[in-house]
Structure formats: structure tokens, C-alpha cells
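Notes to accompany the following structure.
Residue numbers (full-length UniProt numbering): 1 to 135.
The structure is reproduced here in C-alpha cells:
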């Protein structure tokens with residue numbers, strides 16, 4: 001869960017919710033909701049949180065991406081900018097490996113288009129599951 005990772009990393013850095021909230025420009029109650037999972041974190045905010053906590057978005061959202069928990073190099077050395085852990089990701093589904101490799105080589109606009117397509121596909125899948133469940 002993203003919120004648990006945010007909380008754990010925030011505490012490792014010795015930051016209070018109030019301080020981190022100020023750093024990412026949200027109210028402390030909003031950050032509390034992110035950490036408790038009662039409010040969904042936008043990708044823009046998640047990216048900002050990752051920057052402040054010296055980690056990648058994948059480090060915070062690995063479960064949502066179907067990943068095995070990445071090595072926690074940032075916690076061992078909070079001042080390190082080494083992103084080596086993203087090179088050794090291990091996905092649950094082998095197709096996810098290929099998706100990840102292909103995505104990381106795309107430019108920002110292409111990535112946004114792929115993400116938009118994937119979100120649309122997810123919504124369609126959820127809709128059809130709901131509709132077929134009513135029969």
C-alpha cells in the first residue's frame with residue numbers, strides 16, 4: 001500500500017506529517033489520508049513525495065504495479081542518489097518485465113499516452129466485470 005510506504009519512509013527521515021505536508025504543498029490532514037489509504041494520491045503528488053523522500057515512485061507504489069518490494073537503498077543511505085535498485089526489479093508477472101523495459105525508454109509524452117491507455121483499459125475491465133457479475 002502506497003500510504004504505508006510513505007509513512008515508513010517519512011519516519012525514517014525523521015519528518016512529521018506536518019513538515020512533509022508543507023514540503024509537498026498539501027494540508028497535514030490530506031497527507032494523513034494518503035498514509036491511511038482513505039484518499040488517493042495523484043501521480044504528481046506521488047512524484048513530489050518520492051523526490052522529497054529520495055526514492056522513486058516505484059519504491060512507494062511497488063504493490064500497485066505488481067512488483068516485489070525493491071531493495072531499500074534509500075533507507076540505508078538517505079543522501080544517496082543511487083537508483084541501482086530500479087535496475088534489479090523483479091515482477092510477479094513476466095510480461096510486466098517487458099512493459100517496464102519498454103516504458104523506461106519512451107519520452108514523457110509517449111509515457112503519458114501509454115498510461116492513459118492503460119487506465120482506460122483498466123476502467124473497461126472493471127466495467128465489464130461489474131456488468132457480467134450482475135447476470
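All C-beta atoms, glycine included, are put in the ideal place defined by N, C-alpha and C.
Q: Tell me, please, whether the segment 31 to 48 touches the segment 3 to 20 by the rule of three or more beta-carbon pairs shorter than 8 Å.
A: yes
**Q.** Closest residue to residue 67 among 45, 93, 50 (Cα-Cα distance)
**A.** By 1-based counting over the chain shown, the position of residue 67 is 67. Nearest of 45, 93, 50 to residue 67, Cα basis: 93.
Q. Distance, Cα to Cα, residue 95 vs residue 44?
A. Here residue 95 refers to the residue found at position 95 when the chain shown is read from its first residue. Here residue 44 refers to the residue found at position 44 when the chain shown is read from its first residue. For residue 95 and residue 44, the distance between alpha carbons rounds to 26 Å.
Q) Can you tell me the Cα-Cα spacing of residue 80 and residue 110, whole angstroms? A) The residue you call residue 80 lines up with position 80 of the chain shown. The residue you call residue 110 lines up with position 110 of the chain shown. Since pLDDT at residue 80 reaches only 46, below the 50 mark, its modelled position is unreliable, and no value is offered.
Q) Where does residue 67 sit, in a helix, a strand or coil, going by DSSP? A) Position 67 of the chain shown holds residue 67. DSSP places residue 67 in strand when its eight states are reduced to three.
Q | Span separating the alpha-carbon of residue 26 from that of residue 101 | A | Residue mapping note: residue 26 aligns to position 26 of the chain shown, counting from 1. Residue mapping note: residue 101 aligns to position 101 of the chain shown, counting from 1. In a straight line, the C-alpha of residue 26 is about 33 Å away from that of residue 101.
Q) What whole-angstrom Cβ distance do residue 52 and residue 24 have, given they're in contact under 8 Å? A) For the purposes of this step, residue 52 is taken as residue 52 along the chain shown, with counting starting at 1. For the purposes of this step, residue 24 is taken as residue 24 along the chain shown, with counting starting at 1. At roughly 6 Å, the Cβ-Cβ gap stays under 8 Å, so residue 52 and residue 24 are in contact.
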